[in-house]
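Heads up: the sequence shown begins at 129 in our numbering, then just goes up one per residue.
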Amino acid sequence: MIETTPRKHQERALLIGLEQDGVSKWDLRDSMEELRELASSAGAEVVDTVTQKLPKPTAPFYIGKGKAEALKDSVQNQQVTSVIFNDELSPAQGRNLENLLSRKVLDRTQLILDIFAQRARSREGRLQIELAQLQYLLPRLTRMWSHLSRQSGGIGTRGPGETQLEVDRRRVQERIARLERELEAVRKHRSVQRQGRKRHQWPVAAVVGYTNAGKSTLLNLMTGADVLAVDKLFATLDPTTRSFTLPNNQRVLLTDTVGFLRKLPHTLIESFKATLEEVTEADLLIHVVDLSHPRVDEHMHAVDNVVTELGALGKQTLIVFNKIDILENRNLAETYRRRFPRSVAISARTGQGIDQFLEILQSALGAWRLRSRFRVPLSESNLIAEVHRVGHVLDLQYDGDHAVITAHVPPHLEQKLSNFAKQSEHGDET
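Next up, the structure:
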């Protein structure tokens with residue numbers, strides 16, 4: 129398991145990146161800078177960064193053999209304790225590198241898992257991160273037995289090493305199964321909570337965004353919540369839901385979610401589905417963007433990719449360009465607002481632009497005050513699935529080969545369903 133207790137002595141880390149075919153040196157530079165921030169967030173001191181240009185990673189060492197050999201002296205001279213790679217290593221690559229360098233070797237996924245382990249506070253968060261750690265560890269258990277000589281299996285190699293390895297594998301698999309059952313219970317509990325919210329018929333807005341974009345700061349400002357908000361990657365992992373009232377007296381539930389990241393490990397997305405379901409179940413997404421970051425577009429694209437992977441593509445989304453108080457170019461906010469019509473520029477830290485944010489949020493949620501009923505043929509399964517994905521289903525009944533759905537839906541979906549509309553009526557959410 130990855131260490132989660134505070135370190136007595138700060139680790140000294142060497143970062144390794146690969147400029148592969150299809151990856152520009154500028155993309156690599158930004159990715160390595162992000163890796164540096166991740167390492168610092170994990171508590172390490174970054175002593176050096178090494179990159180190499182190769183068409184693709186090598187099977188034995190990820191980097192070239194000559195470069196790997198040259199690192200042996202470098203890690204010793206600089207008193208490096210951890211070597212961190214910018215991409216996920218295969219079990220064989222990790223084993224070979226540790227044998228060669230005689231240092232702890234981590235990849236980007238392990239580093240993120242370590243940060244998550246440090247940040248998780250709730251029981252649910254700890255369950256999710258332990259599951260992700262074990263899913264990552266399972267195919268790499270052989271590395272833990274590298275001190276044994278008989279690893280390859282087969283004739284003449286069967287012995288206690290292999291036996292213990294199989295025992296450990298079975299124990300890890302059993303623990304994974306137990307964690308998955310516990311998280312399924314968490315998922316059901318969250319579903320019950322969401323059903324309770326639906327009875328109130330309050331729209332739910334999920335706050336999404338790249339890590340450190342200012343999501344928790346915005347939630348604190350809007351709802352008076354006391355969510356940890358610091359200039360640090362993945363400062364908060366546990367979801368927080370709070371209610372607040374718009375100027376027109378409409379109640380809204382805001383849910384903060386874990387920050388996204390480029391190359392966010394798939395094991396994390398799988399493990400955190402109980403949390404990230406808040407995104408898929410929300411009526412509207414508030415995408416908070418750090419406009420002061422030099423790679424704004426890449427961050428927005430990374431968030432869109434994760435939203436798509438979660439199955440929430442197509443949800444009504446309000447883009448909030450944050451941190452305008454620290455912009456050097458004051459015209460940048462207006463440029464991005466023109467590119468993204470349904471957007472607003474704010475500073476969650478100072479409150480600048482919040483009135484405009486409330487206006488556009490109120491306008492975006494206006495459609496949710498209209499409760500609509502549709503009688504949709506079951507043959508239109510894709511359309512029915514879209515109602516569940518991007519709408520707020522209040523009631524579902526079946527009438528022969530039709531589904532009768534009562535729901536709040538965003539305007540673009542209501543237009544698609546116009547041929548199946550039965551009636552519309554104003555809700556009482558005010």
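Ideal Cβ positions, reconstructed from N, Cα and C, are used throughout, including at glycine.
Nearest C-alpha to R315 among V233, V174, E406 and A341: E406. The continuous stretches of beta strand (DSSP E) do not include K193, which lies in the alpha helix (DSSP H) extending over residues K193 to N205.
DSSP assignment within the segment 430-516 yields the following whole beta strand (DSSP E) runs of 3 residues or more, N-terminal first: 445-450, 471-473 and 498-505.
By the CB criterion at 8 Å, L347 and V300 fall outside the cutoff. By the C-beta density criterion, N214 is buried, having at least 16 other C-beta atoms within 10 angstroms. Remark: C-beta atoms of T186 and M160 do not approach each other more closely than 8 Å. DSSP places F213 within a strand segment (E or B) once states are collapsed to three. Selection Y464, L382, V203 and L541 evaluated against M428 yields Y464 as nearest (Cα-Cα). A straight line joining the alpha-carbon of Q246 with that of T237 spans about 14 Å.
In the DSSP annotation of this structure, the continuous segment of the alpha helix (DSSP H) that includes F244 starts and ends at R236 to R247. For V320, the number of other beta carbons within 10 angstroms of its own is below 16, and it is reported as exposed. By alpha-carbon distance to L349, the top candidate from T373, S230 and W330 is T373. For D176, the uninterrupted beta strand (DSSP E) run begins and ends at E173 to K181, by DSSP. Inter-residue distance for V336 and L381 is about 14 Å (C-alpha atoms, whole angstroms). Checking the DSSP bridge columns, you'll see G528 has no partner listed. Taking 8 Å as the upper bound for CB-CB distance, V537 and S500 are in contact here, some 6 Å apart. In the structure shown, L166 falls within a helical segment according to DSSP collapsed to helix, strand and coil.
Taken through DSSP and simplified to helix, strand or coil, D523 comes out as strand.
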